[in-house]
Amino acid sequence: QQQVKQSPQSLIVQKGGISIINCAYENTAFDYFPWYQQFPGKGPALLIAIRPDVSEKKEGRFTISFNKSAKQFSLHIMDSQPGDSATYFCAASKDNTGKLIFGQGTTLQVKP
Amino acid sequence: EAQVTQNPRYLITVTGKKLTVTCSQNMNHEYMSWYRQDPGLGLRQIYYSMNVEVTDKGDVPEGYKVSRKEKRNFPLILESPSPNQTSLYFCASSSPTGGSYEQYFGPGTRLTVT
């Protein structure tokens, strides 16, 4: 079963707009929630991550919002740029065992 | 330069012909993993290793084998590939120290099994 569910599958945003990608998880034991960014022909790379003891983390234009009671977290990209066009994956992990559970991915296109 | 390397990057093979995809990292990481990426399914973990000679199944291990005889290398073996193993494969490494769970991914291996 899919332990981490991600939506939407694809997203088109105008330059300067806000991109929002959502994820929901099932296992309350997860203690680490990263977002990875993948450009075509490349491997995923860590973008930003959060732990469940905080409700929000911001790094530049990228923000994770975390709702522990709803078991949901989301990625917000402010002032979206064409260079942000990529596939984004949410993920979850527990106890730093090296086992990451990924969402299905969201393909973001930012139009100029 | 800190990196994870995979070889080959592209491979076309036929059903049943054994193949190995190599993975090597130069960051002295204890943890290494293999994932496959398929459209609409995201990245799914095949196997992972927490150290030399310590491996465990991920979510989709059927049809794959791994070994971890050296810390830097973690090859993925398909002993009898089938068309449903056509996919994009990624190796990743990470370390349990320093408080970061960040996984570093290789560039990927695109495998086609006919």
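Chains A and B are the protein sequences, given in the same order.
Everything in the first sequence is counted per my numbering, starting at 1 for the first residue and increasing by one.
Everything in the second sequence is counted per my numbering, starting at 1001 for the first residue and increasing by one.
Cβ coordinates follow ideal geometry from the N, Cα and C atoms, glycine included.
request  = Assuming B:C1023 and B:F1105 form a contact by the criterion Cβ under 8 Å, report the distance between their Cβ atoms to the nearest whole angstrom.
outcome  = Sequence index remark: in the second sequence, residue 1023 of chain B carries index 23 (1-based). Sequence index remark: in the second sequence, residue 1105 of chain B carries index 105 (1-based). Their Cβ separation, rounded to whole angstroms, is 10 Å, which puts B:C1023 and B:F1105 out of contact at 8 Å.
request  = List the residues that DSSP assigns as beta-bridge partners of B:S1033.
outcome  = As a first step, residue 1033 of chain B is located in the second sequence; it is residue number 33 there, counting from the start. Paired residues: B:Y1048, B:A1092.
query = Taking the alpha-carbon positions, what's the B:T1055 to A:K15 distance?
reply = Taking the second sequence and counting its residues from 1, the one referred to as residue 1055 of chain B is at position 55. Taking the first sequence and counting its residues from 1, the one referred to as residue 15 of chain A is at position 15. Spanning the two alpha carbons is a distance of roughly 45 Å.
query = Cα-Cα, which of A:T28, A:Y32, A:T106 is closest to A:I21?
reply = What you label residue 21 of chain A is simply residue 21 of the first sequence in a count that begins at 1. Measuring from the Cα of A:I21, the nearest candidate turns out to be A:T106.
Same chain, Cβ closer than 7 Å to A:G17, five either side skipped, listed in chain order = The sequence position of residue 17 of chain A within the first sequence is 17, counting from 1. Contacts found: S80.
query = Of the choices A:L46, A:Y88, A:A92, A:P112, whose alpha-carbon is the least far from that of A:V4?
reply = Working through the first sequence from its first residue, we reach residue 4 of chain A at position 4. Nearest of A:L46, A:Y88, A:A92, A:P112 to A:V4, Cα basis: A:A92.
message = Residues of chain A with CB closer than 7 Å to the CB of B:E1053, please, in chain order.
response = The residue labelled residue 1053 of chain B in the question sits at position 53 within the second sequence. Within chain A, no residue comes near B:E1053; the closest Cβ sits about 15 Å away, beyond 7 Å.
ask   = Below 8 Å, can you find three or more Cβ-Cβ pairs linking the stretch 1012-1027 of chain B to the stretch 1038-1054 of chain B?
value = no
key: Touching by the beta-carbon criterion (3+ pairs, under 8 Å), the stretch 1001-1010 of chain B and the stretch 44-52 of chain A   = no
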